[in-house]
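With my numbering applied, the sequence shown corresponds to residues 649 to 799, in that order.
Data first, discussion second: the structure below is written as structure tokens.
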Amino acid sequence: MSVTAKPTSKDAALEEAFGAPVPQLYAAATAGTASPALQRALHLRSFLAVAEEQVAVVRETIHQATSTDRDLSELSAEAMGFDAQWLEAALDARDSYTAALGELLRTMPPPGPATARPVQFAQPQITTARPPAAPVAPAPARAGAALARRP
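Put into structure tokens, the structure is as follows:
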């Protein structure tokens with residue numbers, strides 16, 4: 649199943665922030681009409697879908713290994729240790745993507761047309777003047793004259 653079709657814990661927040669269901673948001677991104685904020689949010693959502701799936705897989709693995717109908721002699725501390733590391737990594741990834749997506753949704757500008765004027769920067773002004781020109785001495789009377797050859 650594609651990550652675009654997997655539900656995540658942040659789908660409701662995305663739908664509220666962007667005003668459309670998740671499949672329509674992905675359609676806008678595919679069509680090239682999505683804003684940069686929406687594109688980034690959908691990337692994070694896709695990563696979150698994978699991380700949440702990993703959490704579910706590890707949880708199911710642990711539940712199967714510890715079910716009451718299993719023989720306790722099959723339980724391995726080494727395997728459980730590996731599962732615990734895998735679960736920790738999956739939970740860390742999920743938490744990171746959830747936090748990043750929450751931060752993006754919290755800091756992005758509100759939807760709709762921008763009402764603020766664009767920022768105008770003051771243009772630097774030249775406040776110094778050129779120094780006065782130095783007086784030029786008159787050239788000697790024969791300046792630039794060609795020298796005559798003597799026989």
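Quick reminder that beta carbons are idealized off the backbone N, C-alpha and C, glycines included.
For clarity, every value in this text was computed on a predicted model and none was experimentally measured.
- Message: For the stretch 655 to 666 against the stretch 739 to 758, do three or more pairs of beta-carbon atoms, one drawn from each stretch, fall closer than 8 Å, so that the two count as touching?
- Response: Yes, they touch.
- Query: Nearest CA to the CA of aspartate 631: which residue from Asp719, Val651 and Thr714?
  - Reply: Here the chain covers residues 649 to 799 and nothing more, so residue 631 does not appear.
- Message: Let's test the definition: count the other Cβ atoms within 10 Å of the Cβ of glutamate 722 and tell me whether it reaches 16, buried, or not, exposed.
- Response: When all chains shown are included, glutamate 722 counts as exposed.
- Task: Give the secondary structure of leucine 723 by DSSP, where H, G and I count as helix, E and B as strand, and everything else as coil.
- Result: Three-state DSSP puts leucine 723 in coil, outside helix and strand.
- CB contact flag (alanine 699, alanine 741, <7 Å): Yes, the Cβ-Cβ distance between alanine 699 and alanine 741 is below 7 Å.
- Collapsed DSSP secondary structure at proline 783 in the structure displayed: The answer is coil: DSSP assigns proline 783 none of H, G, I, E or B.
- Query: Nearest to threonine 709 by CA position, among Gln733, Leu696 and Ala689, is which residue?
  - Reply: Of the candidates Gln733, Leu696 and Ala689, the one whose C-alpha sits nearest the C-alpha of threonine 709 is Gln733.
- Task: For threonine 678, collect the residues of the same chain with a Cβ closer than 8 Å to its Cβ; drop the 5 residues on either side in sequence, then sort them by chain order.
- Result: Beyond the five residues adjoining it in sequence on each side, threonine 678 comes within less than 8 Å, by CB distance, of no other residue in the same chain.
- Opening and closing residue of the alpha helix (DSSP H) in which aspartate 659 lies: For aspartate 659, the enclosing alpha helix (DSSP H) stretches over residues 659 to 666.
- Message: Please tell me whether, using a cut-off of 6 Å, the distance from the CB of phenylalanine 666 to the nearest non-hydrogen atom of the ligand NAP is below it.
- Response: The model depicted lacks the ligand NAP and carries no ligand whatsoever.
- Query: Where serine 724 and glutamate 736 are concerned, what is the direct C-alpha to C-alpha distance, given to the nearest angstrom?
  - Reply: Spanning the two alpha carbons is a distance of roughly 18 Å.
- Query: What alpha helix (DSSP H) runs, 4 residues minimum, are completely inside the stretch 674 to 734?
  - Reply: For the stretch 674 to 734, whole alpha helix (DSSP H) runs of length 4 or above, ordered along the chain, are 684 to 713.
- Look at alanine 665 and leucine 753 and say whether their C-beta atoms are less than 7 Å apart. Judged by their CB atoms, alanine 665 and leucine 753 are nearer to each other than the 7 Å cut-off.
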